[in-house]
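First to last, the protein sequences are chains W and D. Residue 0 is where the first sequence starts when you use numbering that gives the first Met the number 0, and the numbers rise one by one after that. Residue 0 is where the second sequence starts when you use numbering that gives the first Met the number 0, and the numbers rise one by one after that. Glycine included, each C-beta is placed from N, C-alpha and C at the ideal position. A quick write-up on the structure given underneath.
Protein chains: 2
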Amino acid sequence: MTQSETVERILDSAEVLFAERGFAETSLRQITGKAGVNLAAVNYHFGSKNALIQAVFARFIEPFTRNLRESLQAAIAKNEHVSLDRLLRLLATALVEVPSRSDKSLPVFMRLLGLAYTQSQGHLRKYLEQRYNSELRLFMKLLRQATPQLSSEERFWRMQFMLGALTFTMSSSEALASILQDKNGADAPAEGIVDQLVPFLSAGINAPGVPSVPLSSPPPPLETPCTAS
Amino acid sequence: MTQSETVERILDSAEVLFAERGFAETSLRQITGKAGVNLAAVNYHFGSKNALIQAVFARFIEPFTRNLRESLQAAIAKNEHVSLDRLLRLLATALVEVPSRSDKSLPVFMRLLGLAYTQSQGHLRKYLEQRYNSELRLFMKLLRQATPQLSSEERFWRMQFMLGALTFTMSSSEALASILQDKNGADAPAEGIVDQLVPFLSAGINAPGVPSVPLSSPPPPLETPCTAS
DNA sequence: GTCTATAACGCGATAGAC
DNA sequence: GTCTATCGCGTTATAGAC
């Protein structure tokens with residue numbers, strides 16, 4: 000067995016098991032057992048269990064951000080107006096079209112992403128936002144253009160709501176799909192969930208703002224300086 | 000130290016630690032250490048770690064479901080039509096009005112709820128859905144009446160999206176509030192987030208459905224035998 | 001490079017003294 | 001009721017044979 004074969008088999012097995020059980024609940028024994036490689040192989044090739052988790056994450060996020068950057072830049076180059084709906088579609092497509100070895104890749108990625116944002120110490124979040132700063136700014140720029148009627152505060156919160164719905168639903172998609180399957184026999188692949196998500200998010204993000212007081216501040220002046228940076 | 004004191008100290012510590020690290024990542028040694036009680040106390044008072052997890056949940060969820068049940072039943076008794084917006088408001092109010100020991104309670108609970116669904120803690124999800132079955136059915140009944148235009152599949156997914164947006168945003172509300180504070184100095188208490196969430200969710204849930212194909216199936220026959228297995 | 005064997009440790013749980 | 005001590009197990013990680 001060549002070295003790269005071993006590495007890939009470990010990554011494949013780890014991805015599936017992480018998705019099924021969670022990270023802490025998956026042992027290196029289970030991973031190496033499923034992969035048919037030696038127990039010591041993980042530490043030899045990756046150094047530690049945490050490094051393996053990061054490697055699983057990296058194998059997905061790299062092609063994803065590449066997909067996203069290319070499609071966003073293409074849209075900008077053609078100088079087209081990108082509607083919110085189209086922007087969400089581009090995002091979803093970039094996610095779904097990551098060449099994946101199993102249908103577990105996306106759930107694992109989403110679970111890690113959710114953890115990264117949810118964990119009280121935002122180390123991972125800061126790391127990600129720094130590493131993929133350019134893609135993030137590109138997306139936010141297009142989002143701003145697609146939702147000019149929103150205050151920056153509203154836009155901020157709705158981004159969070161979107162991230163929550165996305166990570167939560169996709170990371171538990173297995174469990175949810177099985178519930179739904181009990182109900183009506185239909186399966187729910189990632190593409191199906193995305194099809195359901197896009198209109199929901201589109202309507203939610205474009206919703207009319209909160210009617211009276213925005214938060215704790217008095218009624219907003221009509222000319223908002225938009226310098227919330 | 001009285002017995003009830005010990006039990007409460009354990010619950011308080013466990014709540015915080017679970018929310019910070021997750022369930023599997025928190026050991027009984029950490030919990031009892033932080034609580035200043037003996038290691039054996041958890042097994043003595045609760046029986047097992049899983050039972051402790053459920054007890055932490057129960058302490059918050061009991062008043063919440065009581066709130067919710069009462070307000071939903073009151074609405075039904077008055078025979079009023081409950082709009083989606085109003086239904087979401089009732090839900091939010093039931094959440095926010097749980098008498099809390101600290102302002103961290105709600106974020107902690109939301110994070111625990113998210114973890115319960117996300118960290119494949121099957122025992123917890125089943126426990127919750129069984130224990131609070133009647134409240135869940137009551138809410139779903141009103142939701143069905145408030146959204147008659149949705150197919151049950153659409154309604155199912157949008158419930159999940161709602162749960163995701165809710166748990167994700169509320170559980171990281173601390174971190175998010177601090178980000179936003181950097182931006183514009185405003186604070187974001189739970190009530191403020193809820194004010195932002197309700198119109199978002201309302202519009203998202205009421206969004207027009209996915210236009211063409213429902214999922215992966217070709218144009219559906221009008222009488223589906225529902226045996227797509 | 002890959003394996004076996006095992007070190008070193010932390011875990012949940014419990015028996016039994018107080 | 002509460003505590004100490006410890007059991008039995010599973011874990012990650014590694015040293016050293018092949």
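query: Cβ of Phe63(D) within 7 Å of any chain W Cβ; result: no
query: C-beta contact flag for Phe56(D) and Ala93(D) at 7 Å; result: no
query: Cβ of Leu214(W) within 7 Å of any chain D Cβ; result: Residue confidence is low: Leu214(W) scores 48 on pLDDT, short of 50, so the model does not pin down where it sits. No coordinate-derived value is stated.
query: Minimum length 4: unbroken alpha helix (DSSP H) runs contained in the segment 45 to 104 of chain D; result: 48 to 76, 83 to 95
query: Reduced DSSP secondary structure (H/G/I, E/B, other) of Thr166(W); result: helix
query: Residue-level contact to chain W via CB, Lys140(D), 7 Å cutoff; result: no
query: Where Phe199(W) meets chain D, residues with beta-carbon distance less than 8 Å; result: Trp156, Arg157, Phe160, Gly203, Ile204, Ala206
query: Host alpha helix (DSSP H) of Tyr131(W) (start-end); result: Unbroken run through Tyr131(W): none, as it is neither H nor E.
query: Span of the alpha helix (DSSP H) around Pro198(W); result: 189 to 204
query: CB contact flag (Gly208(D), Thr166(D), <7 Å); result: no
query: Contact set for Arg124(D): own chain, Cβ-Cβ below 8 Å, skip 5 residues either direction; result: Ala115, Tyr116
query: Enclosing alpha helix (DSSP H) for Gly208(D) [first to last residue]; result: No alpha helix (DSSP H) contains Gly208(D), which DSSP labels as neither H nor E.
query: Beta-carbon separation (whole angstroms), Ala50(D) vs Thr5(D), contact threshold 8 Å; result: Ala50(D) to Thr5(D), Cβ: 15 Å. No contact.
query: Helix, strand or coil at Pro147(D) [DSSP, three-state]; result: coil
query: is_contact[Ala23(W), chain D] using C-beta, thresh 7 Å; result: yes
query: Cutoff 7 Å: Ala91(D) Cβ touching any chain W Cβ; result: no
query: Extent of the continuous alpha helix (DSSP H) to which Ala39(D) belongs; result: Per DSSP, Ala39(D) belongs to no alpha helix (DSSP H) and is neither H nor E.
query: Distance between beta carbons of Ile192(W) and Leu83(W), contact taken as under 8 Å; result: Between Ile192(W) and Leu83(W) the Cβ distance is about 19 Å, and since that is not below 8 Å, they are no contact.
query: Three-state class that DSSP yields for Gln180(W) in the structure shown; result: helix
query: Expected contact under 8 Å - CB spacing of Leu86(D) and Leu162(D) to nearest Å; result: No, Leu86(D) and Leu162(D) are not in contact; Cβ-Cβ is about 15 Å, not under 8 Å.
query: Distance CB(Ala189(W))-CB(Val95(W)) smaller than 7 Å; result: yes
query: Neighbour list for Ser170(D) in chain W, Cβ cutoff strictly below 8 Å; result: Thr117
query: Within-7 Å CB hit, Asp194(D) to chain W; result: yes
query: Integer Cβ distance of Thr168(D) from Phe160(W), believed to fall under 8 Å; result: 6 Å
query: Short-range partners of chain W found in the segment 99 to 110 of chain D, where Cβ spacing is below 9 Å; result: Arg110
query: Burial state of Ser47(D) (16 or more Cβ within 10 Å); result: exposed
query: Cβ distance (whole Å) where Val97(D) is taken to contact Glu14(D) below 8 Å; result: Actually they are not in contact, since the Cβ atoms of Val97(D) and Glu14(D) sit about 13 Å apart, beyond 8 Å.
query: Val209(D) at chain W interface by Cβ criterion, 7 Å; result: yes
query: CA-to-CA distance, Arg136(W) to His233(W), given in whole angstroms; result: No answer is possible for residue 233(W): it lies beyond the span of chain W, which begins at 0 and ends at 228.
query: Local Cβ density within 10 Å of Asn66(D), reported as buried at 16 or more and exposed below that; result: buried
query: Proximity test, Cβ basis, 7 Å: Ala145(W) and chain D; result: no
query: Cβ-based neighbour list, Asn37(D), same chain, cut-off 8 Å, excluding 5 preceding and 5 following; result: Thr31
query: Contact with chain D by Pro219(W), beta-carbon distance below 7 Å; result: Because Pro219(W) sits at a pLDDT of 46, beneath the cut-off of 50, its placement in the model cannot be relied upon, and the point is left open.
query: Chain D contact for Ala50(W) (CB, 7 Å cutoff); result: no
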